[in-house]
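> To start, I am sharing the structure in question, which I have written as structure tokens.
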Amino acid sequence: MTTRSQTRTQKNTALRSFIYSHHNPSFATKTETHSLHHHNSQYMADNKEPQSNNNHRGRGCCCCLFRTFWILLVSIIVFALLVILVAYIIIQPRSFKFHVTNAKLTRFNYTGNTLNYNLVLNFTERNPNKKLNIYYDLVEGHAFYEGVRFASGHVIPWQESFRQFAKSTNTTSAVFSGQHVMVLDHQQVSEFDEDKRNGVFRIDLKLYFTIRFRLGDFIGGDMKPKAKCKLEVPSVSNGSTVSAFSPTNCEVDF
Numbered sequence: 001m002t003t004r005s006q007t008r009t010q011k012n013t014a015l016r017s018f019i020y021s022h023h024n025p026s027f028a029t030k031t032e033t034h035s036l037h038h039h040n041s042q043y044m045a046d047n048k049e050p051q052s053n054n055n056h057r058g059r060g061c062c063c064c065l066f067r068t069f070w071i072l073l074v075s076i077i078v079f080a081l082l083v084i085l086v087a088y089i090i091i092q093p094r095s096f097k098f099h100v101t102n103a104k105l106t107r108f109n110y111t112g113n114t115l116n117y118n119l120v121l122n123f124t125e126r127n128p129n130k131k132l133n134i135y136y137d138l139v140e141g142h143a144f145y146e147g148v149r150f151a152s153g154h155v156i157p158w159q160e161s162f163r164q165f166a167k168s169t170n171t172t173s174a175v176f177s178g179q180h181v182m183v184l185d186h187q188q189v190s191e192f193d194e195d196k197r198n199g200v201f202r203i204d205l206k207l208y209f210t211i212r213f214r215l216g217d218f219i220g221g222d223m224k225p226k227a228k229c230k231l232e233v234p235s236v237s238n239g240s241t242v243s244a245f246s247p248t249n250c251e252v253d254f
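Letter 121 of the sequence shown, counting from 1, is numbered 121 in the numbering used here, and no numbers are missing.
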């Protein structure tokens with residue numbers, strides 16, 4: 001009996017709601033809107049967790065690629081350093097040796113702010129390396145007296161460039177001759193007169209190299225080391241010198 005009464009009550013309630021919504025469209029609209037909002041909320045809740053999982057998976061993939069890239073980069077750098085170290089140990093590169101074996105001034109006169117000079121130089125080049133050859137492509141020289149440059153020229157010009165083999169020694173020579181206008185102050189003139197009386201002039205020679213190293217069939221690029229030679233050059237008067245020249249080692253700087 002109670003069940004039939006509840007069923008009849010539910011039917012009456014549904015009928016009244018239908019009639020009310022038929023005569024009041026706004027009520028139906030609100031009901032549909034509420035139902036739609038409920039379904040949307042449920043849909044978003046159902047799809048929220050998979051999207052979060054996808055984002056987490058994407059970030060993990062990016063981190064993995066980034067870590068792999070850095071591991072690869074560090075490995076390449078370490079390998080390159082090991083190759084360089086092994087090559088250095090095997091090759092043992094050393095700087096070449098450059099000496100002035102003989103030098104003399106057959107003319108060195110200063111009059112009327114003009115210096116007349118003739119400087120003759122002999123050199124030896126020593127390659128101490130066991131495996132490296134050296135190409136001397138060009139060597140330029142600048143001569144200075146009392147800090148003033150008075151001569152420039154080629155010690156080894158392009159047309160006389162040569163290849164120096166490992167553990168070998170070569171000889172070259174150069175002549176700086178001419179005249180140069182240079183103004184010396186009173187102190188510098190006094191120094192010149194003293195050197196002339198002693199028969200020995202203190203001359204600085206600066207050398208600029210263009211060289212290449214060769215290992216087997218591989219030839220490296222141009223290198224431009226410098227060298228400085230502090231010379232005490234005897235002056236030749238009437239075919240004789242007051243003192244002999246002392247062979248001088250040049251300081252090579254890469």
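Heads up, the beta-carbon is just placed ideally off N, CA and C, and yes, glycines get one too.
Between P234 and K196, what straight-line distance do the alpha-carbon atoms span, to the nearest angstrom?
Position 234 of the sequence shown, counted from the start, is the residue given in the question as residue 234. Position 196 of the sequence shown, counted from the start, is the residue given in the question as residue 196. Going from the Cα of P234 to the Cα of K196 covers about 9 Å.
> Cutting at 6 Å between CB atoms, please list the residues of its own chain near H142, excluding the five before and the five after it.
Translated into the one-based positions of the sequence shown, residue 142 becomes position 142. These residues qualify, in order along the chain: R149, S152 and K206.
> Inspect the CB distances between the segment 204 to 223 and the segment 122 to 134 and report whether three or more fall short of 8 Å.
Segments in contact, yes.
> In terms of DSSP beta bridges, what is P93 paired with?
By one-based count along the sequence shown, residue 93 stands at place 93. P93 pairs with nothing; no bridge assigned.
> Do the segment 99 to 108 and the segment 122 to 129 touch if we need at least three Cβ pairs shorter than 8 Å?
Yes, they touch.
> In the structure shown, what three-state DSSP assignment does F165 receive?
For the purposes of this step, residue 165 is taken as residue 165 along the sequence shown, with counting starting at 1. If DSSP states are grouped into helix, strand and coil, F165 belongs with coil.
> For I76, is the classification buried or exposed, using 16 other Cβ atoms within 10 angstroms of its Cβ as the cut-off for buried?
Position 76 of the sequence shown holds residue 76. Its Cβ having fewer than 16 others within 10 Å, I76 is exposed.
> Can you say whether A174 is buried or exposed, counting buried as having 16 or more other CB atoms within 10 angstroms of its CB?
As a position in the sequence shown, residue 174 is number 174, starting the count at 1. With 16 or more Cβ atoms within 10 Å of its Cβ, A174 is classed as buried.
> Compare the C-alpha of H154 against each of Y145, Y136 and S168 and name the closest.
Locating residue 154 in the sequence shown gives position 154, where the first residue counts as 1. Looking at the Cα atoms, Y136 is the closest of the given residues.
> Which residues mark the beginning and the end of the alpha helix (DSSP H) in which F192 is found?
For the purposes of this step, residue 192 is identified with residue 192 of the sequence shown, where counting begins at 1. Residues H186 to N198.
> Buried or exposed, going by whether 16 or more other CB atoms sit within 10 Å of the CB of Q159?
For the purposes of this step, residue 159 is taken as the residue at position 159 of the sequence shown. Answer is exposed; the Cβ neighbour count stays below 16.
> Taking P247 as the reference, give the member of V236, D253 and C229 with the closest Cα.
The residue you call residue 247 lines up with position 247 of the sequence shown. Nearest option by C-alpha distance: C229.
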